[in-house]
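Colleague: Under the working numbering, the residues of the sequence shown are numbered 5 to 491, in order. Heads up, the beta-carbon is just placed ideally off N, CA and C, and yes, glycines get one too.
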Amino acid sequence: MIRARLTSAIFATGLAVAVCCAPSLATAAPIAVDPFYEVTTTGAATDLAVQDPFGNVYVMVVTPAGAEIRKIGSDGVLIDTFALPAGAQPSDMAVDALGDVYVSDSGTGAISRITPDGVINNAFSASPDGKARALSIIADDATLYVLGASTSIYEIGFSGVVNPAFTFSTPTTTNAIDVDRNRNVYAASMDGRVIVLAPDGKKTTWMLDASPNLTDIEARNDGSWVVYGDLRHKIIERTVADDINTTTLPSAIDDIAMDSAGSIYFVDQAGALMTLPHGGYTPQQVGAFTTTGTPSAVRVGATQTLVAAWGTNPTVATMPFVPSVSSAPITATIGEGETFTSTITTAGGLGSASVKSSNLPTWLTLTNGVLSGTATAPGNYVFDVVASNDLGDSSAQTQTIVVTPAVAPSPTPSPTSGDTTGAGGNGGSTTAGGSSGAAAGGRGALASTGNDGAVALASALVSGGIALMGVAAMVFARRRRPARTNG
Numbered sequence: 005m006i007r008a009r010l011t012s013a014i015f016a017t018g019l020a021v022a023v024c025c026a027p028s029l030a031t032a033a034p035i036a037v038d039p040f041y042e043v044t045t046t047g048a049a050t051d052l053a054v055q056d057p058f059g060n061v062y063v064m065v066v067t068p069a070g071a072e073i074r075k076i077g078s079d080g081v082l083i084d085t086f087a088l089p090a091g092a093q094p095s096d097m098a099v100d101a102l103g104d105v106y107v108s109d110s111g112t113g114a115i116s117r118i119t120p121d122g123v124i125n126n127a128f129s130a131s132p133d134g135k136a137r138a139l140s141i142i143a144d145d146a147t148l149y150v151l152g153a154s155t156s157i158y159e160i161g162f163s164g165v166v167n168p169a170f171t172f173s174t175p176t177t178t179n180a181i182d183v184d185r186n187r188n189v190y191a192a193s194m195d196g197r198v199i200v201l202a203p204d205g206k207k208t209t210w211m212l213d214a215s216p217n218l219t220d221i222e223a224r225n226d227g228s229w230v231v232y233g234d235l236r237h238k239i240i241e242r243t244v245a246d247d248i249n250t251t252t253l254p255s256a257i258d259d260i261a262m263d264s265a266g267s268i269y270f271v272d273q274a275g276a277l278m279t280l281p282h283g284g285y286t287p288q289q290v291g292a293f294t295t296t297g298t299p300s301a302v303r304v305g306a307t308q309t310l311v312a313a314w315g316t317n318p319t320v321a322t323m324p325f326v327p328s329v330s331s332a333p334i335t336a337t338i339g340e341g342e343t344f345t346s347t348i349t350t351a352g353g354l355g356s357a358s359v360k361s362s363n364l365p366t367w368l369t370l371t372n373g374v375l376s377g378t379a380t381a382p383g384n385y386v387f388d389v390v391a392s393n394d395l396g397d398s399s400a401q402t403q404t405i406v407v408t409p410a411v412a413p414s415p416t417p418s419p420t421s422g423d424t425t426g427a428g429g430n431g432g433s434t435t436a437g438g439s440s441g442a443a444a445g446g447r448g449a450l451a452s453t454g455n456d457g458a459v460a461l462a463s464a465l466v467s468g469g470i471a472l473m474g475v476a477a478m479v480f481a482r483r484r485r486p487a488r489t490n491g
């Protein structure tokens with residue numbers, strides 16, 4: 005995009021909005037989204053909002069005291085406020101790949117730049133003819149294209165210097181401009197013309213319906229483009245094959261936006277978010293905002309998030325295109341043969357979200373968001389769970405389950421030759437008259453009676469000791485017998 009915007013010191017869209025019923029074009033369940041940020045300053049209004057690559061949203065706010073840009077964090081909390089020059093009439097905003105934000109002033113032609121670290125330069129550059137009604141940017145190298153007073157378009161480099169070699173003048177009043185990555189510049193005019201200027205200076209013109217008042221244009225990198233004419237509520241597409249496709253809406257809208265896949269988005273009078281898929285001709289409802297009415301600005305942010313700003317009801321809302329897995333990543337350890345169960349949940353995204361996986365372990369299944377199965381083999385299982393919607397947007401989350409080998413049960417000890425417990429001991433395996441049988445009253449009894457066996461052993465030792473002493477005494481007495489004498 006971008007289109008010229010008509011603002012006053014307090015703000016006015018300058019566009020007539022037809023009051024009509026909400027279009028009956030819904031084909032998907034709407035997603036309610038709470039306001040991302042609300043401007044509570046008395047008498048304030050918003051008209052523009054853009055998102056940087058870090059998820060921050062910059063909102064243009066016009067108050068009775070003057071115009072300013074507010075930086076809102078991804079959590080919806082105000083981070084900083086940047087004052088524009090006194091009397092400024094901000095008309096458009098753009099963001100480069102580094103996160104620098106550019107603001108044009110339709111009253112003076114000045115272009116301000118706000119850096120990611122919070123420094124604003126209100127004298128960064130200026131349109132040579134004193135008007136800067138719309139901006140478009142090649143984000144990768146921060147080359148700006150500025151729509152001037154009426155028919156002139158200027159190129160400004162990252163340093164803020166206007167390129168004198170670039171000349172693009174349209175034959176009639178231009179309302180909106182855009183640029184693709186190949187540096188083709190697109191202009192949509194009030195009288196229904198679309199003019200494309202190629203880098204080699206060649207101009208190509210398409211004349212559409214008589215007086216549709218083209219107010220917005222979005223260009224694709226393949227050379228196709230989409231415009232919106234507010235007088236007849238028409239979205240008109242020119243394809244790569246040079247076909248012209250027209251979709252008529254039931255009521256007027258105020259802005260259109262294009263995502264990286266080339267699909268168009270807009271918000272109707274009832275706050276329903278609609279999409280016109282690339283190559284499609286029938287709008288589909290893919291979401292809804294709680295703030296009703298068509299917003300004055302709709303943009304696709306750098307993080308593939310739709311950002312909408314309502315002027316007369318100073319509210320900014322965001323809606324991520326891509327659903328995400330909202331449940332915590334799985335990092336589990338289970339044993340072989342154990343059963344595992346976990347519920348996968350999603351958040352955000354347009355349309356209807358679902359979860360799937362293409363690399364699940366063979367023992368796991370994923371059905372209606374429930375992951376379950378019984379581990380059949382040990383190993384380290386790493387797999388992805390993907391949240392996707394019916395528009396083809398998706399995001400993945402990695403899961404890890406470690407399965408440890410099953411632990412073999414401890415074997416029951418088998419009887420040994422020294423185990424005399426019960427009748428199966430040595431004493432029990434022999435007859436009472438055998439030597440082992442005699443030990444059944446001694447050693448076998450000791451093995452089975454615990455402390456009583458110890459007492460029996462002590463008694464046996466004492467008895468044996470006394471017997472030995474008696475034998476020793478006999479031997480000693482025999483040795484002390486006097487020797488015989490002759491005579």
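(1) Give me whichever residues DSSP pairs with residue 140 in a beta bridge.
(2) In three-state DSSP terms, what is residue 84?
(3) Is the beta carbon of residue 378 less than 8 Å from the beta carbon of residue 341?
(4) How many angstroms separate the CA atom of residue 413 from the CA atom of residue 383?
(5) Under the rule that 16 or more other beta-carbon atoms within 10 Å means buried, what is residue 203, buried or exposed?
(6) When burial is assigned at 16 or more other CB atoms within 10 Å of the CB, is residue 315 buried or exposed?
(7) From the DSSP output, read off the bridge partner residues of residue 339.
(8) Which term fits residue 418, buried or exposed, when burial requires 16 or more other beta carbons within 10 angstroms of its beta carbon?
(9) For residue 57 and residue 221, I'd like the C-alpha separation in whole angstroms.
(10) Which residue marks the beginning of the beta strand (DSSP E) containing residue 94, and which one marks its end?
(11) Taking the continuous beta strand (DSSP E) assigned at residue 313, which residues delimit it?
(12) DSSP beta-bridge partners for residue 377?
(13) The beta strand (DSSP E) with residue 106 in it runs from where to where?
(14) Measuring CB to CB, does residue 252 end up less than 8 Å from residue 268?
(15) Return the residue from the list 345, 271 and 328 that minimises the CA-CA distance to residue 313.
(16) List the endpoints of the continuous beta strand (DSSP E) containing residue 199.
(17) According to DSSP, what are the bridge partners of residue 233?
(18) Check each candidate in 52, 345, 156 and 376 and name the one with the smallest Cα separation from residue 261.
(19) Would you be able to state if there are at least three C-beta pairs under 8 Å between the stretch 126-136 and the stretch 65-81?
(20) Tell me the DSSP secondary structure of residue 403 in three-state form.
(21) Residues in the same chain with beta-carbon distance under 8 Å from residue 369, minus the five sequence neighbours each way, listed in chain order, please.
(22) Rounded to whole angstroms, what is the Cα-Cα separation between residue 234 and residue 259?
(23) Starting from the C-beta of residue 344, find all residues in its chain whose C-beta is less than 7 Å away, skip the five residues before and the five after it, and write them out in chain order.
(24) Taking the DSSP output, what are the residues bridged to residue 273?
(25) Rank 183, 121 and 143 by C-alpha distance to the C-alpha of residue 151 and give the top, closest one.
(26) In whole angstroms, what is the alpha-carbon distance linking residue 494 and residue 391?
(27) Shortest alpha-carbon distance to residue 47 belongs to which of 163, 317 and 164?
(28) Please determine, among 359, 117, 355 and 84, the residue with the shortest C-alpha to C-alpha distance to residue 290.
(29) Cα-Cα, which of 79, 195, 149 and 359 is closest to residue 1?
(30) Taking the straight line between their C-alpha atoms, what separation do you get for residue 208 and residue 155?
(31) Is the beta carbon of residue 409 less than 8 Å from the beta carbon of residue 385?
(32) What are the partner residues of residue 324, as DSSP defines its beta bridges?
Modeller: Let me lay it out:
(1) 149
(2) strand
(3) yes
(4) 21 Å
(5) exposed
(6) buried
(7) 408
(8) exposed
(9) 23 Å
(10) 94-99
(11) 309-314
(12) 344 and 368
(13) 105-109
(14) no
(15) 271
(16) 197-201
(17) 218 and 238
(18) 52
(19) no
(20) strand
(21) 375, 376 and 377
(22) 9 Å
(23) 336, 338, 376, 377, 379 and 405
(24) Paired residues: none, contrary to the question.
(25) 183
(26) Given that the chain is displayed from residue 5 to residue 491, the structure contains no residue 494 and the question cannot be resolved.
(27) 317
(28) 355
(29) Any answer about residue 1 is impossible in this case: the structure gives the chain only from 5 up to 491.
(30) 16 Å
(31) no
(32) 309
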